[in-house]
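To keep things clear, I will list the structure first and then write my remarks on it.
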Amino acid sequence: MTETQEIQSVRENLKTWLAAFNAKDIDTLFTLYDPESVYANAGAPLMVGADQIRGWYAQAFQSIEGTLLFKEEKLFLEGTMALIVGKYFFQPPEGVGVPDDANLTGRVSLVYRKPADGKWGLLFDMDNTPPDVSPADFA
């Protein structure tokens, strides 16, 4: 594959991940993970391994409402590793009030790894809630 094709493949993984997340389709979601994944969520302890992360999402999906939107800010590709940096917004369902202290926006770093089988997988996911990301960024 060319570098352009590899970049497109990584972006397709993320696009599929977002669709699966928004559909709360945990089975599809976890076909996109590397088995050795690490998740560093701003509001939860460090999670190691796809099985532990899957359990967290299974519980979280029971209370998550709205649509997760994402805007890529930077992508790096080096061999079998890729990094996507971007901002996100949990867009609440129309007509749903949101508490002033709700953390609906943030920035995320996603590291992907491509093993010998050639299928990119999400290896590392770390998010935070910086002051320079707002819902207006997604208008």
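Residue 34 in our numbering sits at position 34 of the sequence shown, and the numbers go up by one each step.
Backbone N, C-alpha and C fix where the C-beta goes; we use that ideal spot for every residue, glycine too.
With 16 or more other Cβ atoms from the protein chains shown falling within 10 Å of its own Cβ, residue 37 counts as buried.
The beta carbons of residue 126 and residue 108 sit closer together than 8 Å.
The alpha-carbon separation between residue 40 and residue 72 amounts to approximately 19 Å. By the neighbour-count criterion, in which a residue is buried when 16 or more other Cβ atoms sit within 10 angstroms of its Cβ, residue 1 is exposed.
By the Cβ neighbour-count rule, residue 76 is exposed, with fewer than 16 other Cβ atoms within 10 Å of its own.
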